[in-house]
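Read through the structure below, which is laid out as structure tokens, and then see the notes.
Residue numbers (the working numbering): 8 to 281.
Spelled out as structure tokens, the structure:
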């Protein structure tokens with residue numbers, strides 16, 4: 008069985024399991040819990056930098072999932088391919104992903120569903136060093152326990168192609184979609200704050216992002232926005248900061264936002280009896 012080994016443990020997050028678990032628990036404890044009246048999210052947008060930089064922002068999206076432990080069984084994680092050119096969306100060709108918190112199985116049935124699609128390829132190389140998906144897994148393991156993973160590295164693709172993949176995997180309450188994306192990169196603090204606020208306004212309005220200058224994961228974000236329009240999901244901004252607010256200097260910062268996409272009441276499967 009091919010297993011994708013942890014590539015950035017000890018770099019982006021702690022390598023030792025107890026330290027990693029304690030770090031995540033501390034971020035969860037500090038995270039704003041949000042409005043408990045909100046229905047469970049169908050999708051999240053979360054950042055993917057090193058935990059000292061973006062971890063607190065990601066934690067604001069993940070901490071409220073504790074009430075869905077045992078309900079969410081599958082997590083679709085889409086992250087930009089930073090190291091290897093990818094045409095379309097790439098599966099890892101692995102049966103599981105390892106982290107210091109244990110092994111996460113890849114959903115083989117979902118992989119079989121995706122393989123016939125022309126925009127989906129298999130590229131172990133695209134996943135081997137990719138951090139954008141890996142850094143989400145310890146958060147998910149900590150809050151959900153056991154789940155199956157559908158990891159997709161997003162390269163040269165259209166928003167429509169991403170939305171088509173999401174539609175195939177949409178499912179019900181058992182399936183969570185996570186889009187991994189940072190916002191602006193290496194701008195002065197005030198410039199970054201202005202651009203990131205505009206980007207968050209676009210996302211809140213379900214308006215497609217115009218450029219990867221707004222978000223490195225803009226392709227996957229835009230695919231999610233198309234799917235959100237179709238399924239009448241409401242974006243809720245949970246946190247918006249940058250590296251200058253967390254662990255970096257303010258000369259050149261990276262922006263981070265966390266969003267939860269919540270079904271409208273009339274379209275929430277949990278409101279219907281069967």
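Virtual Cβ for every residue (Gly too), placed ideally from N, Cα, C.
Integer Cβ distance of residue i from residue j, believed to fall under 8 Å
i, j, result
"residue 156", "residue 82", "6 Å"
"residue 86", "residue 160", "6 Å"
"residue 196", "residue 257", "4 Å"
"residue 269", "residue 180", "Actually they are not in contact, since the Cβ atoms of residue 269 and residue 180 sit about 12 Å apart, beyond 8 Å."
"residue 103", "residue 8", "7 Å"
"residue 225", "residue 216", "4 Å"
"residue 240", "residue 49", "6 Å"
"residue 89", "residue 137", "6 Å"
Option in the options with minimal Cα separation from residue i
i, options, result
"residue 263", "26, 106, 101 and 245", "245"
"residue 74", "50, 151 and 54", "151"
"residue 248", "206, 225, 270 and 269", "206"
"residue 37", "66, 9 and 52", "66"
"residue 111", "128, 154, 214 and 96", "154"
"residue 183", "129, 199, 215 and 52", "52"
"residue 235", "251, 115 and 166", "166"
"residue 35", "254, 145 and 217", "145"
"residue 27", "44, 148 and 50", "148"
"residue 158", "190, 121, 193 and 194", "121"
"residue 135", "123, 100, 198 and 72", "100"
"residue 209", "194, 198 and 190", "190"
"residue 124", "114, 98 and 229", "98"
"residue 177", "18, 72, 80 and 30", "80"
"residue 76", "64, 62, 47 and 63", "47"
"residue 42", "22, 72 and 188", "72"
"residue 255", "272, 31, 45 and 194", "194"
"residue 32", "22, 63 and 18", "63"
"residue 271", "250, 18, 17 and 44", "44"
"residue 250", "18, 17, 199 and 113", "199"
Residue j beta carbon less than 8 Å from that of residue i
i, j, result
"residue 231", "residue 186", "yes"
"residue 12", "residue 105", "yes"
"residue 132", "residue 91", "yes"
"residue 127", "residue 96", "yes"
"residue 139", "residue 219", "no"
"residue 243", "residue 222", "no"
"residue 142", "residue 10", "no"
"residue 253", "residue 20", "no"
"residue 68", "residue 265", "yes"
"residue 260", "residue 162", "no"
"residue 170", "residue 213", "no"
Those residues which DSSP pairs with residue i across a bridge
i, result
"residue 110", "105"
"residue 266", "52 and 244"
"residue 20", "16"
"residue 81", "155 and 182"
"residue 187", "53"
"residue 199", "Paired residues: none, contrary to the question."
"residue 128", "97"
"residue 138", "None, per the DSSP bridge assignment."
"residue 87", "161"
"residue 27", "DSSP output for residue 27 lists no bridge partner at all."
"residue 194", "260"
"residue 10", "103"
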